[in-house]
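Residue numbers (our numbering), protein chains in the order written: chain A, 499 to 1014; chain B, 499 to 1014.
Quick reminder that beta carbons are idealized off the backbone N, C-alpha and C, glycines included.
What follows is a short report on a single structure.
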C-alpha cells in the first residue's frame, strides 16, 4: 500500500507550515525587537504573508492533492475490517483539512488583505489610545474591525451565529448555548465567593518589590527546575507575555517585569511555560506531524488549561510557596515563611486588571468581555457605548470602577487585532484545568504517589516532572484528535462543567483563610 | 507624461523587497533569539524564501514589467534634449534592474535551493568545528559550498573570473587586477610599519575589564551622543556583531561583550552604528525608494568605509578619548587621562584575530583571506590545505601563528555561509574611509570649522553631527547612482588609492608613539 498521494500532500502542508511559521516569527520579532516605527513595513510584510498563506490554503493545487490523498486513503483502508490507530489519525487529518479548505475557499482574498491591514492599524491605534487614555482615537479602527469580522462570518456562511463562527478557530464546536451552561453557575457563585472571602476579610498585604535582575534569576531557577532545555526554548521580553512555537524544535516565550508587582514576572513565566509545555508535548516530534492538523493544539481553552495548571495549580499552591519562599527571601522579599509567599501569590483582591487578577476574580473579567463581544457583534451594541457598558459591568460583578479607559476597556490587546471570540477560552481553561487536575490526582495515586494531595506531594518533593509525565501521557499527545470537550470527557470520564473549578476554589479559599 | 508602467514596476519591486526583508528578519532572529535546535527548520524557511525570491526576480512577469517601464521611459524621455536628475536616476534604476534580471535568469532554481541548504548546513557545521577545534568536521561542507559557488559563477557566465563573478554583489565592477593595484602597496608597507611601531616598542598594556552593565551603559551613552533615535533603531546581542535594515524605518544592530576585552563592545557599537548611519542616509526615505536599486548601498566597501570611519576615525581618535575617558574611568576602568584611553583604544599589537585587530594589522588579515579565497576558487588550492596555508601566511605577514584552527582559519563566519569575495571590501573600506576623510577635512574647513584638524575639532566639541551632515550630503544620498570607485572620485576628485590610508596611518602612529 504505497502512500504517494499522502506524501505529496504532506510536502505541500509542510511548505504551508513553513510559510505560516515565518508569519509567527515576524509576530515574535514585532513584539520583542522591532523599533516602533517599523510597524508600517511590518504590516506590509504580514499582509503579504497572510495573502500568500490564504492563496496556498485555498488553492486548486491543494484541493487536488487533498482529493488524491482521500482517494488513496479509500483504496488503502476502504476494505479493511480493522480500524487501526493509523486509520483514525489519517481519517481525522483528512476531515480537518477538508473543513479548513472549505473555510478558506469561502473567503475573499481582498478581505484577507483588508483584515491584515486593519489588524496592524488597529493594534497601533490601540497602543496610542491606551497610552493617551483616549478611546475615541481607537474607536473607528475597532468599528472597522468589527465590520470586517462580521463580513468574514457572513462569507464563511456556517450554521452558527456571527460570534460563534469567529470563535471556531479558537474553540472548535463551541456554541453560545453551551457557553451559557458552563458560565452561568460562575456568574452567580464567583461574586458570592468574593464577598465571603475577600471583601469580608481585611487582608493587609505588605507592599514590596524585587530588583529586575532578581526576578529574572528566580524565573530562571523556576524553568530550570521545571526542565527547560535552552537548546529548544528562547526567552525574551515583550509588553505582553506570550508563548509561541516557531518550528518543531523552536519554542519561545516572553515575560515582562511590572514595577510594584514582584510576582508578576514569575507567575507569567509559569503561565507561558505551561503553554509551551503543551506545544512541546504535541505529537509533532514523534510523528513528524508539525505540518499536519493533528499535530496542533486542539483549542485555546485546552491551551489555557495547561498554562493555568502550571500557574495556579502549581506555582500558586501552598506546597510550592513552602518550597520556594526562601529563594524569594534571599532575593530580598520581606517573607518569613512559606505561608507569607502563599498569601502574596494569592492576593484575593478584586481589581481592574485581567492579567494581574487572582483565580477567584479572573472569571468575572472574562464574563464581562464575553458578554460585550457578543453584544457588539450580534446585538448592535455601539462601539461608543463600550466604555460605559464595561464600567457598569465591573461595578456590578467586581464592585470596582476603572478611573479611565486605559485601565478599563483599553487594557487588552485582543480586540485591537480583531480577535473576537477568544476570551472565553481563558475561563473554559480554568474549568478544564480543574477537572483534569481531579483526574490527575487519581492518576498519580494509582502511579504510587502517596498522600491525600498527590499534586502537592510532587511539588513539595520538586518532582513536577511526574505531573508533566501525566499530562504528556493523558492530554498533550492527542493534538487535534479530539476537540476540547471530547478530550476532557475522555480523560475525566465526565462531561465538562464548572463543578470541579468551584470546588477547587472553595477548598483553597477555606484553607487559605483558616490557616494561621 | 503618465508613468503607469513605472508605478506598476515599483509595486512589483515593493513586494519583492517585502519578501527580501522577511528573509533578513529571519536572519536577524536566527542570530539574536533563535534557540540552537531551531536551525533546521529555519533552514527550511530561508530556503523557501530564497526560492520564492529567485522566482520573483527571474519571472516572466518581472521581465514584462521591466520591458514596459523601459518603453514608457523611452516615450517620455527619448526626445528630450535636457538630461535631468530624474532622467539619470530612472535610467540607472532600469540599467541595474536589467542587469539583476539577467543574472537571476541565468541561475538554475535548483542551485538556489541547494545553496540555501548548503549555507545553513555549512554555518551549523562551522559552529561545531570552531567549538571543537576540528577543521575536518567543516571541510566537506566547505568543499561543497566551493563547488556550488563555482557552478554559480559558471551559470552566471560573466566576462570575469570565478572569484570576480562572486565578488560582484559585494563590490560591483571589481577586478582582481584592480585589487592588486590597491593592495600591493599595503602588502609591502604594512609589515614595515608593524615592525617599526609595534615590534620595536615594548608596549605594556595594562590588563583590565569592565562589568557587562557598564559596557552597555557606555554604548548607550555613545549612541545617544551620536543621535540614535530608538523609534527606528533596535539593539540586541549576537555572537558576531552586525547591522541590518529590515524596513524603511527599521534599523537593527547587534553587539557582544567579550570577557577581558573591555573596549570590544564599545568599538563594535561604533562600527555597526556607522553601517546603520549609511543605511539610514540612503535615499529610501526622501524618495520612497526602499524598493528600487538606487535606494540601496552601492558596495560593501563603501559600507565598511562608513563603519570604519565611525570606529577608527572617530571612536579611536585622540580627541574622542580625551572627551570620553572620564566616563570609562567612572565605570571602573583604570585610566588617569585621555591618553590612557587612546592607547587602550589602539593597542598596536598584531594578533591572530581579525575582528579584534587594530587599524594597522587589520589589512593583513584581509590580504591573507583574499589570497586564500582566490587560491581555492581559481587556483586549485585543496580545502585540506587551507589551515597550513593560513598559518604560513600569518607567520609571514603578521609574525604570529595560531595554536589551533579555531583561532586560525575557523575564526570567521563568511566562508561557512559560502560568502566568497566579501573580505576585500573590509580593506577597500579602510582606503575609502581615509580618502573620504581627506575630503571631509577640506569640506569642514570650508563649512567654517576651525583648526588644523577639523574632524578632531568636531569630536572634541561633541559635534559629530557635523561629520554626519557632511557624509549625508556628500556620500550617503547617492545610493547606487555611482559605484564605489566612481563615488570616491566624485567626492575626492582623485581615483581611489592606498595613499591616503597609509599617510593617515603613519601620522597617527607617529603621533601616538611620540606623545608622552
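Would the segment 510-526 of chain A count as touching the segment 538-555 of chain A if we require 3 or more Cβ pairs under 8 Å? When Cβ pairs closer than 8 Å are counted between the two stretches, the segment 510-526 of chain A is seen to touch the segment 538-555 of chain A, the count reaching three or more.
Using DSSP's beta-bridge definition, name the partner residues of residue 752(B). Counting from 1 along the second chain, the entry for residue 752(B) is found at position 254. In the DSSP output, where bridge partners are listed per residue, residue 752(B) has 734(B).
Once the 5 residues before and after residue 748(B) are set aside, which same chain residues still bring their CB inside 6 Å of it? Within the second chain, the letter at position 250 stands for residue 748(B). Nothing meets the Cβ criterion.
What distance in whole Å lies between the Cβ atoms of residue 659(B) and residue 644(B), which are believed to be in contact at a cut-off of 8 Å? Taking the first residue of the second chain as position 1, residue 644(B) is located at position 146. Taking the first residue of the second chain as position 1, residue 659(B) is located at position 161. Contact between residue 644(B) and residue 659(B) is absent: CB atoms are separated by about 14 Å, not below the 8 Å threshold.
How should residue 581(B) be labelled, buried or exposed, when 16 other C-beta atoms within 10 angstroms of its C-beta is the threshold for buried? The count along the second chain starts at 1 and reaches residue 581(B) at position 83. The residue is exposed, with fewer than 16 neighbouring Cβ atoms inside 10 Å.
Return the chain-ordered list of same chain residues with a C-beta closer than 7 Å to the C-beta of residue 815(A), the five sequence neighbours on each side being excluded. The sequence position of residue 815(A) within the first chain is 317, counting from 1. These residues qualify, in order along the chain: 954 and 957.
Where residue 563(A) meets chain B, residues with beta-carbon distance less than 9 Å: Looking up residue 563(A) in the first chain gives position 65. Going along chain B, no residue has its Cβ under 9 Å from residue 563(A), so there is no contact; the nearest lies around 17 Å.
Out of curiosity, what's the CA-to-CA distance linking residue 540(A) and residue 961(A)? Position 42 of the first chain, counted from the start, is the residue given in the question as residue 540(A). Position 463 of the first chain, counted from the start, is the residue given in the question as residue 961(A). Taking the straight line joining both Cα atoms gives about 43 Å.
Span of the beta strand (DSSP E) holding residue 743(A)? For this step, residue 743(A) is matched to residue 245 along the first chain. According to the DSSP assignment, residue 743(A) belongs to the beta strand (DSSP E) that extends over 741-745.
For residue 911(B) and chain A, any beta-carbon pair shorter than 7 Å? The count along the second chain starts at 1 and reaches residue 911(B) at position 413. Among the residues facing chain A, residue 911(B) is not included, as its CB has no counterpart in that chain under 7 Å away.
Work out the CA separation of residue 819(B) and residue 732(B) for me, nearest whole Å. Translated into the one-based positions of the second chain, residue 732(B) becomes position 234. Translated into the one-based positions of the second chain, residue 819(B) becomes position 321. Going by the C-alpha atoms only, they are around 26 Å apart.
Would you say residue 808(A) and residue 772(A) are within 7 Å of each other, going by their C-beta atoms? As a first step, residue 808(A) must be located in the first chain, where it is residue number 310. As a first step, residue 772(A) must be located in the first chain, where it is residue number 274. The Cβ atoms of residue 808(A) and residue 772(A) lie closer than 7 Å to each other.
Cβ closer than 7 Å: which chain B residues qualify as neighbours of residue 452(A)? With chain A running from 499 to 1014 in the structure shown, residue 452(A) is simply not present.
Would you mind reading off the limits of the alpha helix (DSSP H) that contains residue 922(B)? To locate residue 922(B), count along the second chain from 1; it is residue 424. Taken as a continuous stretch (DSSP letters only), the alpha helix (DSSP H) holding residue 922(B) covers 921-944.
Counting only beta-carbon separations shorter than 7 Å, does residue 541(B) have a partner in chain A? Along the second chain, one-based indexing puts residue 541(B) at 43. Not an interface residue.
Contact with chain B by residue 523(A), beta-carbon distance below 7 Å: The residue you call residue 523(A) lines up with position 25 of the first chain. Yes - at least one Cβ of chain B is within 7 Å of the one on residue 523(A).
Give the residues of chain B in contact with residue 721(A), contact being defined as C-beta atoms less than 8 Å apart. Reading the first chain from its first residue, position 223 is the one you call residue 721(A). Within chain B, no residue comes near residue 721(A); the closest Cβ sits about 13 Å away, beyond 8 Å.
Ordered along the chain, which non-local residues of its own chain (more than five positions away) have a Cβ less than 6 Å from that of residue 888(A)? The sequence position of residue 888(A) within the first chain is 390, counting from 1. So the list reads 906 and 907, once near-sequence residues are dropped.
Report the start-end ranges of each alpha helix (DSSP H) in the segment 525-608 of chain A that is 4 residues or longer and not cut off at the edges. Restricted to the segment 525-608 of chain A, the alpha helix (DSSP H) segments that are unbroken, complete and at least 4 residues in length are 537-555, 558-575 and 583-604, listed in chain order.
Name the residue from 705(B), 918(B), 865(B) and 804(B) whose alpha carbon lies nearest to the alpha carbon of residue 768(B). Within the second chain, the letter at position 270 stands for residue 768(B). When only C-alpha atoms are compared, the closest one is 804(B).
Write down every uninterrupted run of the alpha helix (DSSP H) in the segment 648-723 of chain A whose length is 4 residues or greater and which is fully enclosed by it, in chain order. 660-665, 674-691 and 710-723
Counting only runs of 4+ residues fully inside the segment 856-899 of chain A, write out the alpha helix (DSSP H) ranges in chain order. As far as the segment 856-899 of chain A is concerned, its whole alpha helix (DSSP H) runs of at least 4 residues are 857-876 and 884-896.
Would you decide whether residue 440(A) is buried or exposed? Buried here means 16 or more other CB atoms lie within 10 Å of its CB. With chain A running from 499 to 1014 in the structure shown, residue 440(A) is simply not present.
Going along chain B, which residues have a C-beta under 8 Å from residue 608(A)? In the first chain, the residue the question calls residue 608(A) occupies position 110. Taking the beta carbon of residue 608(A) as reference, no residue of chain B falls within 8 Å; the closest one sits roughly 16 Å away.
CB-CB length for residue 716(B) against residue 829(B), believed under 8 Å: Indexing the second chain from 1 puts residue 716(B) at position 218. Indexing the second chain from 1 puts residue 829(B) at position 331. Going by Cβ atoms, the distance from residue 716(B) to residue 829(B) rounds to 6 Å, so yes, they are a contact pair.
Taking a Cβ distance cut-off of 9 Å, strictly less, list which residues of the segment 930-964 of chain A are near chain B, in chain order. none
Quick check on this structure: which residue in 728(B), 893(B) and 601(B) has the alpha carbon closest to the alpha carbon of residue 663(B)? In the second chain, residue 663(B) corresponds to position 165, counting from 1. Ranking the options by Cα distance to residue 663(B), first place goes to 601(B).
Length of the line joining the Cα atoms of residue 593(B) and residue 923(B): The residue labelled residue 593(B) in the question sits at position 95 within the second chain. The residue labelled residue 923(B) in the question sits at position 425 within the second chain. Their Cα atoms are separated by approximately 23 Å.
Cβ pair count under 8 Å reaching 3, the segment 734-751 of chain B against the segment 524-544 of chain A: Contact between the segment 734-751 of chain B and the segment 524-544 of chain A is present: three or more C-beta pairs spanning the two stretches fall below 8 Å.
Does any residue of chain B bring its CB to less than 7 Å from the CB of residue 536(A)? Within the first chain, numbered from 1, the residue matching residue 536(A) stands at position 38. It does; some Cβ of chain B falls within 7 Å.
Using a Cβ-Cβ cutoff of less than 7 Å, which residues in the same chain neighbour residue 631(A) once the five nearest sequence positions on both sides are dropped? Here residue 631(A) is taken as the residue at index 133 of the first chain, counted from 1. Cβ within range, chain order: 902, 903 and 904.
So with CB distances below 9 Å, who are the chain B contacts of residue 546(A)? Numbered from its first residue, the first chain carries residue 546(A) at position 48. Near residue 546(A) (Cβ distances below 9 Å), the residues of chain B are 513, 516, 517 and 520.
Run down chain B in chain order and give the residues with a C-beta less than 7 Å from the C-beta of residue 744(A). The sequence position of residue 744(A) within the first chain is 246, counting from 1. 536, listed in chain order.
Name the chain B residues that come within less than 8 Å of residue 530(A), Cβ to Cβ? Here residue 530(A) corresponds to residue number 32 of the first chain, with the count starting at 1. Simply 531.
Is any beta-carbon of chain A found at less than 7 Å from that of residue 698(B)? For the purposes of this step, residue 698(B) is taken as the residue at position 200 of the second chain. Residue confidence for residue 698(B) is low, a pLDDT of 49 falling below 50, so the modelled location carries little weight; the figure read from the coordinates is stated next. No, its Cβ sits nowhere closer than 7 Å to a Cβ of chain A.
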